[in-house]
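**Q** Chains S and W supply the protein sequences, listed in that same order. Using the numbering used here, you'd call the opening residue of the first sequence number -12 and step up by one each time. Using the numbering used here, you'd call the opening residue of the second sequence number 8 and step up by one each time. Note that the Cβ used here is the ideal one computed from N, Cα and C, for glycine as well.
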Amino acid sequence: MDDIVRMEHVTFTYPATDVKESFNALNDLTLSIEKGSFVAIIGQNGSGKSTMAKLVNALLLPGEGTVWVNGYDTRDEAHLWDVRQSAGMVFQNPDNQIVSSIVEDDVAFGPENLGVEPAEIRRRVDEALEAVGMSAFKRNAPHLLSGGQKQRIAIAGAIAMRPQCIVFDEPTAMLDPRGRKEVMRIIRQLHEEGITCILITHFMEEAAQADRIVILNDGRIYMDGTPREIFTDRDSLMALGLNVPMAVDLSYHLHDLGIQLPAGIVEEEELIEALCPSK
Amino acid sequence: MSIEVRNITHIYNKGLPQESVALKDVSFTVEDGEFLGIIGHTGSGKSTLLQHLDGLLKPDEGQILIGDVDITAPKVSLLAVRRQIGLVFQYPEYQLFDETVAADVAFGPRNLGLEQEEIDERVRESLSMVGLDYDKIKDKSPFDFSGGQKRRIAMAGVLAMRPRVLILDEPTAGLDPRAHRDVLNMIRTYHKSQADSIIILVSHNMNDIAEYADKVLVMDKGQVRMHGTPKEVFARSAELREIGLDIPDLADLAEKLETRGLHVPKDAFTIPEMAQAIARQLRGGKTDPAAEGGEDA
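#1: What residues in the segment 123 to 139 of chain S bring their beta carbon closer than 9 Å to a beta carbon of chain W?
#2: Quick check on His234/W: does DSSP put it in helix, strand or coil?
#3: Measuring only the C-alpha atoms, how far is Ala143/S from Phe10/S?
#4: Which class does Ser265/S belong to by DSSP, given the choice of helix, strand or coil?
#5: For the beta strand (DSSP E) holding Gln70/W, just list the boundary residues, first then last.
#6: Determine the direct distance from the alpha carbon of Ala195/S to that of Gly251/S, and round the result to whole angstroms.
#7: Just curious, the alpha helix (DSSP H) that Lys143/W is in, first and last residue?
#8: So, does the CB of Pro214/S fall closer than 8 Å to a CB anywhere in chain W?
#9: Give a yes or no on whether 8 Å exceeds the smallest Cβ distance from Gly120/S to chain W.
#10: Can you tell me the Cα-Cα spacing of His234/W and Ala234/S, whole angstroms?
#11: Write down the C-beta distance between Ala40/S and Val154/S rounded to the nearest angstrom, noting that I regard them as a contact closer than 8 Å.
#12: So what's Ala186/W in DSSP terms, helix, strand or just coil?
#13: Report yes or no: is there a C-beta of chain A within less than 8 Å of the C-beta of Lys145/W?
#14: Indicate whether Phe(-1)/S and Thr38/S have their beta-carbon atoms separated by less than 8 Å.
#15: Hey, is Lys263/W's beta-carbon within less than 8 Å of any beta-carbon in chain S?
#16: Quick one: Cα of Thr294/W to Cα of Leu241/S, how far?
#17: Three or more C-beta pairs under 8 Å: does that hold for the segment 9 to 20 of chain W against the segment 54 to 70 of chain W?
#18: For the candidate residues Leu162/S, Arg110/S, Gly181/S, whose alpha-carbon lies nearest to that of Ala147/S?
#19: Judging by CA-CA distance, which residue of His189/S, Pro214/S, Arg215/S is the nearest neighbour of Ser268/S?
#20: Between the alpha carbons of Phe25/S and Val(-8)/S, how many angstroms are there, rounded?
#21: Taking Leu46/S as the reference, give the member of Arg71/S, Glu216/S, Ala226/S, Gly58/S with the closest Cα.
#22: 8 Å is my cut-off, CB to CB: does Gln31/S come that close to chain W?
#23: Contact defined as beta carbons within less than 8 Å: I believe Ile92/W pairs with Ile216/W. What is the distance between those atoms, to the nearest angstrom?
#24: Can you give me the Cβ contacts of Lys125/S inside the same chain, cut-off strictly under 7 Å, excluding the 5 residues immediately before and after it?
#25: Quick check on the DSSP output: the alpha helix (DSSP H) that includes Glu268/S runs from which residue to which?
#26: Just to confirm my understanding: we take Asn84/S, look at its own chain, exclude 5 residues before and 5 after, and list those with CB closer than 7 Å. What are they?
#27: Looking at chain S, is there any beta carbon in it that lies within less than 8 Å of the beta carbon of Leu289/W?
#28: I'd like the ranges of any beta strand (DSSP E) spanning at least 3 consecutive residues and lying wholly in the segment 188 to 233 of chain W.
#29: Confirm the yes/no value for this check: CB of Leu247/W, any heavy atom of the ligand ZN, distance under 7 Å.
#30: Report the option in Ile160/W, Leu121/W, Gly120/W whose CA atom is closest to the CA atom of Ser135/W.
#31: So, helix, strand or coil for Phe152/W, using DSSP?
#32: Could you give the distance in angstroms between the alpha-carbon of Gln102/W and the alpha-carbon of Gln283/W?
#33: Is the Cβ-Cβ distance between Leu244/S and Ile28/S less than 8 Å?
#34: For the candidate residues Gly23/S, Arg207/S, Ala74/S, Asn230/S, whose alpha-carbon lies nearest to that of Asp156/S?
#35: For the beta strand (DSSP E) holding Thr17/S, just list the boundary residues, first then last.
#36: Quick one, which residues of the segment 226 to 240 of chain S are near chain W if we go by CB-CB under 7 Å, in chain order?
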């Protein structure tokens, strides 16, 4: 099969509490994610993005419909660990996902729980730390690292599980620009190595790096396409309160001022080329 | 009221093996009514500096004058200072605590010893300033709202103190694009509504700093590296990159266009301004932006 994740008519309802009515975070959502792809999920707060992420990792189970991960139905308890081993997860706040006081122990935590052989764990931990460029810190204490470095350790922990897919839920939201770039570079590299990457983000320039963008609104798919297809539809994005890349917005305003530019400009380089053609 | 920071130095763990200099001989002035942006890489001393401005930390050397009060003097009443200064920490929604929205927002003004009527008025006004409807939400628990709404409630609690100096540390972190703009516009509304109030905004987002701030202070390794208007500061792009900072997207575009022979101003920090500037250049310097278009690039 070619899809690593398949959601069919998934509805997820958060139950009512004393003070709040129940509500559907996802409404009859059907979505497939192809093996090896890099998909960005965007949408306003409350659009269902994080609920979707937790369904992929079986942290939540669908109320209606089915979620298939690597061929396993996430409701099938006998395969819970197969699901979690297939789809790793990296959350927003690195401080909430680091469990050990030494970097390499933290990265080893996942494979240890899978019952992997010690020699194999050693190999995986070394490889995972190498992949995120943190080998030099393997004996350090995680709490003394920067936010970006901690997030790289959290990613190494996910990689050490040898997942086919990693869901990143706003992994850069709490990082400074340098930390954000480091994390994005690692995500792109993992994608190139064949791992399916699902990236939830509020940063449009990060979403623009994916092969495909899915926009959620009220628990439904609002748009689904390539970054170019999505970002050239400025009006639909603005209607949802989302941003468009600078080049798109600037082209739109230039057009209003009567400056003719080719259609479909998304990247800064394309705009520069249109404004000052190189000869 | 102005703020004057004179030669402050702060050393963490002084005398211990892990001693580190967080601020070193920092001096600058913030004028009445100014909107100051502070930028700097993680660990550059920004947060330590903010904590000094609110009197949470005392410098090892130097003075800070807020209006004519020296808040670093030995026996100064910090209460009087804190009545003037509102500090919105990172992720302020984690500091909500009361049972109802109204009680949470009223906490500050109540501690100021205001009359009930005045407190109610301020709670209503600050909630409206952050775009929330007092009558609809006053009796609800602040914990029943989404992250973005909680942040607004927390900010309303600070605005209800009507601070003369409003300091905000990364107030838009983690918000979606619409909430991000809303929060910045709220800060601007507050700034305009309080005559001569000072806003100090710490942010990693250079686009926001360029668009909103009158002056920018660049911190690096505990020292002031630059201090000037956004135009002056962001023109020094090579130096900024050297200390790990970016320049605003539009300033970056202006630089690239310049190398390709299209001269546009470096201080067009909003998309409509930049579009106007580019259009003018393409039309050969004619100044009327509403002139008929059609001249191709």
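**A** In terms of the structure at hand:
#1: Cβ contacts with chain W: Ser133, Gly134, Gly135.
#2: Residue state, collapsed to three classes: strand.
#3: Going by C-alpha positions, Ala143/S is about 35 Å away from Phe10/S.
#4: Of the three classes helix, strand and coil, the one that applies to Ser265/S here is coil, per DSSP.
#5: Element bounds for Gln70/W: 68 to 73.
#6: Going by the C-alpha atoms only, they are around 14 Å apart.
#7: Lys143/W: member of the alpha helix (DSSP H) spanning 141 to 144, first to last residue.
#8: Cβ-Cβ to chain W under 8 Å: no for Pro214/S.
#9: Not one chain W Cβ lies under 8 Å of Gly120/S.
#10: Approximately 29 Å between the Cα atoms of the pair.
#11: Here Ala40/S really is in contact with Val154/S; their C-beta atoms are around 5 Å apart, less than 8 Å.
#12: DSSP places Ala186/W in the helix class (H, G or I) of the three-state scheme.
#13: Although the question refers to chain A, the structure presented lacks it and instead comprises the protein chains S and W.
#14: Yes, these two residues count as a Cβ contact at 8 Å.
#15: Taking Cβ atoms only, chain S reaches closer than 8 Å to Lys263/W, which makes this a yes.
#16: Legend: pLDDT at Thr294/W = 48, less than 50; position of this residue unreliable, no value from coordinates given.
#17: The segment 9 to 20 of chain W makes contact with the segment 54 to 70 of chain W; the number of CB pairs closer than 8 Å reaches 3 or more.
#18: Ranking Leu162/S, Arg110/S, Gly181/S by Cα distance to Ala147/S puts Arg110/S first.
#19: Residue numbering for chain S in the displayed model covers -12 to 266; residue 268/S lies beyond these limits and cannot be assessed.
#20: One C-alpha to the other measures close to 12 Å.
#21: When each option's Cα is compared against that of Leu46/S, the closest is Arg71/S.
#22: Chain W has a Cβ within less than 8 Å of the Cβ of Gln31/S.
#23: Their Cβ separation, rounded to whole angstroms, is 21 Å, which puts Ile92/W and Ile216/W out of contact at 8 Å.
#24: Taking C-beta separations shorter than 7 Å and ignoring five residues to either side along the sequence, the partners of Lys125/S in its chain run Val90, Glu91, Leu116, following chain order.
#25: Only positions -12 to 266 of chain S appear in this structure, which leaves residue 268/S out of reach.
#26: Looking at the sequence shown, residue 84/S is not Asn but Gln. Residues Phe78, Ala141 of the same chain have their beta carbon placed closer than 7 Å to that of Gln84/S, with the five preceding and five following residues left out of the count.
#27: Closer than 8 Å to the CB of Leu289/W there is at least one CB belonging to chain S.
#28: Within the segment 188 to 233 of chain W, the complete beta strand (DSSP E) runs of at least 3 residues are 205 to 209, 222 to 227.
#29: With respect to the ligand ZN, the structure shown offers nothing to examine, as it has no ligands at all.
#30: It is Ile160/W.
#31: When DSSP states are grouped into helix, strand and coil, Phe152/W belongs to the coil group.
#32: Computed Cα separation, rounded: 43 Å.
#33: No, the Cβ-Cβ distance between Leu244/S and Ile28/S is not below 8 Å.
#34: In terms of Cα proximity to Asp156/S, the closest of Gly23/S, Arg207/S, Ala74/S, Asn230/S is Ala74/S.
#35: Unbroken beta strand (DSSP E) run through Thr17/S: 10 to 21.
#36: Residues of the segment 226 to 240 of chain S with a C-beta atom less than 7 Å from some C-beta of chain W are Gly228, Leu229, Asn230, Met233, Asp236, Leu237, His240, listed in chain order.
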